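Chemist: Below you will find the structure I want to go over with you.
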Amino acid sequence: MTTDIALNIVLLSFMAIVGLAIARLRNLFPVAMLTGLYSLLSASLFTLLDAVDVALTEAAVGAGVTTVLFLATFGLTRAREKPVPRSRTLIGLAVTALTGAVLVYASLDMPHFGAADTPVQEHPLRDRYLNQMSEEIDVPNAVTAVLGSYRGYDTLGEVVVVFTAGIGVLMLLGVAWHRPRKPGKREQ
Amino acid sequence: MREHTVLRVVTKVLIAPIILFALYVQFHGDYSPGGGFQAGVVFAAAIILYALIFGLAEARRAVSPNLLRITGALGALIFAGTGVYAMLRGGNFLDYDYLAHDAVHGQHYGLLLVEFGVGLTVVSVITSIFYVFAGRGRRNDDEQPPGDAR
Chain F
356 MTTDIALNIV
366 LLSFMAIVGL
376 AIARLRNLFP
386 VAMLTGLYSL
396 LSASLFTLLD
406 AVDVALTEAA
416 VGAGVTTVLF
426 LATFGLTRAR
436 EKPVPRSRTL
446 IGLAVTALTG
456 AVLVYASLDM
466 PHFGAADTPV
476 QEHPLRDRYL
486 NQMSEEIDVP
496 NAVTAVLGSY
506 RGYDTLGEVV
516 VVFTAGIGVL
526 MLLGVAWHRP
536 RKPGKREQ
Chain C
34 MREHTVLRVV
44 TKVLIAPIIL
54 FALYVQFHGD
64 YSPGGGFQAG
74 VVFAAAIILY
84 ALIFGLAEAR
94 RAVSPNLLRI
104 TGALGALIFA
114 GTGVYAMLRG
124 GNFLDYDYLA
134 HDAVHGQHYG
144 LLLVEFGVGL
154 TVVSVITSIF
164 YVFAGRGRRN
174 DDEQPPGDAR
């Protein structure tokens with residue numbers, strides 16, 4: 356347990372350091388790399404919290420695909436942040452501090468970490484999912500059973516959202532798809 | 034990045050295990066962490082890695098964008114189709130109990146099909162988005178092409 360706490364402290368302080376570094380950097384290429392590192396650190400944190408499914412997604416999407424998409428975008432735009440006047444950075448700082456304060460204030464209402472009397476633990480559905488699942492669905496991974504079967508509608512909706520996002524990007528940016536051999540030659 | 038021999042060799046060695054791991058996560062999702070979404074993302078990462086090292090044109094030759102458009106729609110169709118098939122067999126939409134004679138077996142079939150649909154859509158959409166973004170960068174020859182950004 357103490358090693359868990361120590362690891363949590365190390366990971367969270369690394370995340371804070373990476374966040375500060377991202378805020379300070381002007382060149383966006385290292386920023387993209389650092390956001391990837393941030394995702395990797397949060398993936399490690401999810402692993403510590405036993406949320407391996409989330410960690411897998413975070414590592415692949417956050418650290419892998421998003422970083423590559425950032426870099427691809429820098430190929431289209433400037434990779435250097437424009438200097439911002441002092442007054443605007445102050446406004447931004449104030450807004451960020453205020454939002455952070457509100458979030459910290461809201462987090463005071465949340466149950467303590469590892470508390471046994473949270474709605475997640477006490478809701479009758481938990482019993483249904485974790486105990487009756489072995490008779491109804493009988494797969495060892497409860498996450499898959501909940502996502503795929505009990506909450507099939509939700510997952511179908513998510514797949515449609517992903518599909519719609521893909522269609523949207525293709526309609527906005529996907530030119531000359533029927534000429535894959537010469538990409539980008541006759542766009543616009 | 035063609036001239037980087039180490040990267041090319043390491044990538045060639047790595048891509049097959051990555052894809053194998055994606056398939057493992059996909060079809061072992063009932064037993065271990067993971068499922069369609071995670072598998073799709075890992076699979077797409079393998080294709081993107083290939084495109085980064087060997088160039089976008091090579092990747093498009095290996096995994097055609099037109100194919101991805103079809104498989105992206107097909108994945109969502111498989112998911113919804115599983116639900117409709119359950120309806121045809123007398124159950125509710127997405128009620129996998131009716132997919133087989135035995136309710137538990139039906140659930141297993143349903144989960145397998147549905148996760149496969151999720152994975153297919155996710156890998157197609159993510160790879161398509163990457164193709165579109167990376168393909169656009171090719172116009173600005175004076176800029177660094179996205180594949181060479183490190």
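Residue numbers (our numbering), protein chains in the order written: chain F, 356 to 543; chain C, 34 to 183. All residues carry an ideal CB built from backbone N, CA and C; glycine is no exception. These figures come from a predicted structure and were not determined experimentally.
Mapping the DSSP letters down to three states, classify R435 of chain F as helix, strand or coil.
Modeler: Counting from one through the first sequence, the residue named residue 435 of chain F turns up at place 80. Here R435 of chain F sits in strand by DSSP.
Chemist: Does A125 of chain C come out as helix, strand or coil in the three-state DSSP assignment?
Modeler: One-based indexing of the second sequence puts residue 125 of chain C at position 92. Going by the sequence as given, residue 125 of chain C is Asn instead of Ala. In the structure shown, N125 of chain C sits in coil (DSSP, three-state: anything other than H, G, I, E or B).
Chemist: Measure the CB-CB distance between G521 of chain F and I162 of chain C and report whether it falls below 8 angstroms.
Modeler: To locate residue 521 of chain F, count along the first sequence from 1; it is residue 166. To locate residue 162 of chain C, count along the second sequence from 1; it is residue 129. Closer than 8 angstroms, so yes.
Chemist: Tell me, to the nearest whole angstrom, how far the beta carbon of V386 of chain F is from that of I377 of chain F; I am working on the premise that it is less than 8 angstroms.
Modeler: What you label residue 386 of chain F is simply residue 31 of the first sequence in a count that begins at 1. What you label residue 377 of chain F is simply residue 22 of the first sequence in a count that begins at 1. V386 of chain F to I377 of chain F, Cβ: 5 angstroms. Contact.
Chemist: Applying a beta-carbon distance threshold of less than 7 angstroms, which residues of chain C neighbour T357 of chain F?
Modeler: The count along the first sequence starts at 1 and reaches residue 357 of chain F at position 2. In chain order: nothing, as chain C lies at least about 25 angstroms away.
Chemist: Okay, do the region 484 to 500 of chain F and the region 63 to 71 of chain C touch, 3+ Cβ pairs below 8 angstroms being the bar?
Modeler: With a cut-off of 8 angstroms, the region 63 to 71 of chain C and the region 484 to 500 of chain F count as touching, because enough Cβ pairs lie within range.
Chemist: Could you have a look at N496 of chain F and say whether DSSP puts it in helix, strand or coil?
Modeler: Residue mapping note: residue 496 of chain F aligns to position 141 of the first sequence, counting from 1. In this structure, N496 of chain F counts as coil in the three-state DSSP scheme.
Chemist: Hey, could you find the ends of the alpha helix (DSSP H) V420 of chain F is sitting in?
Modeler: As a working note, residue 420 of chain F is residue 65 in the first sequence. It is not in any alpha helix (DSSP H) - V420 of chain F carries neither H nor E in the DSSP assignment.
Chemist: Would you please verify whether the beta carbon of D135 of chain C is less than 8 angstroms from any beta carbon of chain F?
Modeler: Here residue 135 of chain C refers to the residue found at position 102 of the second sequence. So, not an interface residue.
Chemist: Assign L375 of chain F to one of two classes, buried (16 or more other C-beta atoms within 10 Å of its C-beta) or exposed (fewer than that).
Modeler: In the first sequence, the residue the question calls residue 375 of chain F occupies position 20. Per the 10 Å Cβ criterion, exposed.
Chemist: For the alpha helix (DSSP H) that L375 of chain F lies in, which residues bound it at each end?
Modeler: Looking up residue 375 of chain F in the first sequence gives position 20. Start and end: T357 to R379.
Chemist: If you draw a straight line from the alpha carbon of V407 of chain F to that of L396 of chain F, how long is it in whole angstroms?
Modeler: Counting from one through the first sequence, the residue named residue 407 of chain F turns up at place 52. Counting from one through the first sequence, the residue named residue 396 of chain F turns up at place 41. The straight-line gap from Cα to Cα measures roughly 13 angstroms.
Chemist: Would you tell me roughly how many angstroms separate the C-alpha atoms of A427 of chain F and T390 of chain F, rounded to the nearest one?
Modeler: For the purposes of this step, residue 427 of chain F is identified with residue 72 of the first sequence, where counting begins at 1. For the purposes of this step, residue 390 of chain F is identified with residue 35 of the first sequence, where counting begins at 1. Distance between the alpha carbons of A427 of chain F and T390 of chain F is about 15 angstroms.
Chemist: Mind checking which residues open and close the alpha helix (DSSP H) that includes F384 of chain F?
Modeler: Start at 1 with the first residue of the first sequence, and residue 384 of chain F comes out as number 29. Element bounds for F384 of chain F: L383 to L403.
Chemist: Would you call the region 510 to 517 of chain F in contact with the region 77 to 85 of chain C, where contact means no fewer than 3 C-beta pairs closer than 8 angstroms?
Modeler: No, because fewer than three Cβ pairs between the region 510 to 517 of chain F and the region 77 to 85 of chain C fall closer than 8 angstroms, the two stretches do not touch.
Chemist: Could you check where the alpha helix (DSSP H) with Y184 of chain C kicks off and where it finishes?
Modeler: Because chain C is modelled from 34 through 183, residue 184 of chain C falls outside the range shown and cannot be assessed.
Chemist: Quick one: Cα of G417 of chain F to Cα of S394 of chain F, how far?
Modeler: Stepping through the first sequence from its first residue, residue 417 of chain F is reached at position 62. Stepping through the first sequence from its first residue, residue 394 of chain F is reached at position 39. Straight-line Cα distance between these residues: approximately 5 angstroms.
Chemist: Can you check whether the C-beta of E436 of chain F is within less than 8 angstroms of a C-beta belonging to chain C?
Modeler: Counting from one through the first sequence, the residue named residue 436 of chain F turns up at place 81. Cβ-Cβ to chain C under 8 angstroms: no for E436 of chain F.
Chemist: Quick one: grab the DSSP three-state call for M526 of chain F.
Modeler: Here the question's residue 526 of chain F lines up with position 171 in the first sequence. Looking at M526 of chain F - three-state DSSP - the assignment turns out to be helix.
Chemist: Considering only the beta carbon of each residue, do A410 of chain F and T402 of chain F sit closer than 8 angstroms?
Modeler: In the first sequence, the residue the question calls residue 410 of chain F occupies position 55. In the first sequence, the residue the question calls residue 402 of chain F occupies position 47. Closer than 8 angstroms, so yes.
Chemist: Go through its chain and collect everything with a Cβ distance to Y460 of chain F's Cβ below 8 angstroms, but skip five positions before and after it.
Modeler: By one-based count along the first sequence, residue 460 of chain F stands at place 105. Here the set comprises nothing.
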